Amino acid sequence: MKKSIILLLCIWMMMPAMCSKAAEMTTDATWIWNPWSLRTEETKILNFLVKNNVDQVYLQVDSDLSNSVYQQFIAKATAKNIEIYALDGAPDWATQKGKTKQTAFFQWVKAYQSKSSANQQFQGIHLDVEPYILSNWDADRSSTVLYYQEIIRNSANQSAKLNLPFTIDMPFWFDSINFQNKFGKSNLAKWAINLTDGVTVMAYRNMAAGENGINTLVKTEWQYAQNANKPITIAVETGQSDEGIHISFYQKSSAYMKAELAKVNKAYPENNVKFAVHYIDSWMKMK
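Take the sequence shown: its letters are residues -22 to -1, 1 to 265, numbered as in mature numbering (1 follows the signal peptide of the UniProt record, and there is no 0).
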């Protein structure tokens, strides 16, 4: 009896910590597609990231922008415990000619890393390829999927050579895209989660609950990540969209978005589940 009482007391004492973990939802990542903005808005951007508890940024690589701009920003972000991942990718990467752009990107990152001190270096690689935007996605899907897989696998290998974690964006519906080729037989979601160091699932809906809500749409990807012991980031949209009224938090309040994300966090409270907001420009405009 005494042991039972002690056990119940221990559980009771642990409950606040367990509950607070689910309640303390933070936004972990965001995208900066326009690195040129760092030349004039660096302080504003850093302050926003800190205020919103962002600890990872996918920063677009532009070879025309001076290395010093990246070095200065990354050094300041590193000092604030914010990781910066080198971001690139485009639909045409998943074509026969796509490897040229991929090669140029990794060559740039390799050269940049060699010229930068440790606190100025990128902490990871993040790709956004989106092959389904190509006309060949419908016309010749099997070939497009294969090109996509080849570019992702090669990017994983190149990232490993740079000793950098490799992560990608992918839509929530990749679990419905099946393939059978030299990479085996599976679906793109499961394959990508197993291959990469982490995926950011574009679960672009502005509500958590319901059959078309975020919680339902990411369930399969979440399970794949759990099985593979991999991190998974659930992303939402804040930019204007013409794809429907339920896609984006555009013209919604910041408080509303946080409330919906808190519901997602309650459904998926595991430590390997993170959140991302696409993208910093539109997010900063939210009221």
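Cβ coordinates follow ideal geometry from the N, Cα and C atoms, glycine included. All figures in this text were calculated on a predicted structure; none of them were measured in a lab.
Taking a C-beta distance under 8 Å as the contact criterion, MET185 and GLU238 qualify as a contact pair. In this structure, the straight-line span from the alpha carbon of SER154 to that of ALA170 is close to 13 Å. The region 16 to 34 makes contact with the region 48 to 57: 3 or more CB pairs, one atom from each, lie closer than 8 Å.
For the pair of segments examined, the region 243 to 255 was found to touch the region 207 to 214: the number of CB pairs separated by less than 8 Å reaches three.
The residues VAL39, VAL87, PHE100 and ILE103, in chain order, have a CB closer than 6 Å to that of ALA64 in the same chain once the five nearest residues on each side in sequence are set aside.
Using a Cβ distance threshold of 8 Å, ASN193 and ALA245 count as a contacting pair. The three-state reading of DSSP puts MET264 in coil, since its state is none of H, G, I, E or B. Taking the CA atoms as reference points, TRP71 sits about 10 Å from LEU105. Around the beta carbon of HIS224, fewer than 16 other beta carbons sit within 10 angstroms, so the residue counts as exposed. Annotation for GLN38: the continuous beta strand (DSSP E) segment containing it runs 34 to 38. Put simply, the backbone Cα of TYR90 is about 7 Å away from that of ASN45. As the crow flies, the alpha-carbon of ASP118 is around 43 Å from that of LEU24. Taking the C-beta atoms as reference points, TYR234 is found no nearer than 8 Å to GLN218. In the three-state DSSP reduction, ILE130 falls in the helix class (H, G or I). If you look at TRP200, you'll find it in the alpha helix (DSSP H) that goes 197 to 206.
The region 135 to 147 and the region 171 to 183 touch, with three or more beta-carbon pairs separated by less than 8 Å.
In this structure, PHE150 and VAL196 form a Cβ contact; the two beta carbons are roughly 6 Å apart against a cut-off of 8 Å. Scanning LYS58, SER121, VAL179 and LEU112 for the CA closest to the CA of ASN156 turns up SER121. A residue is called buried once 16 or more other Cβ atoms fall within 10 Å of its Cβ, and SER133 is buried on that count.
The Cβ atoms of ASP6 and ASP33 sit closer than 8 Å to each other. In the DSSP assignment, GLN49 falls within the alpha helix (DSSP H) that extends over 45 to 57.
Secondary structure in the region 212 to 265: the alpha helix (DSSP H) runs of 4 residues or longer, each lying completely within the stretch, are 232 to 245 and 258 to 262 in chain order.
If you ignore the 5 residues before and after ARG183, its C-beta comes within less than 7 Å of the C-beta of ASN190, GLY191, ILE192, LEU195, HIS224 and ILE225, all in its own chain and listed in chain order. VAL179 sits in a strand when the DSSP states are folded into three classes.
Spanning the alpha carbons of LYS163 and GLU128 requires a straight line of approximately 15 Å.
Take the alpha-carbon of GLN136 and the one of GLN85: they are about 10 Å apart. Look at PRO149 here: in three-state DSSP terms it is strand. When DSSP states are grouped into helix, strand and coil, ALA72 belongs to the helix group.
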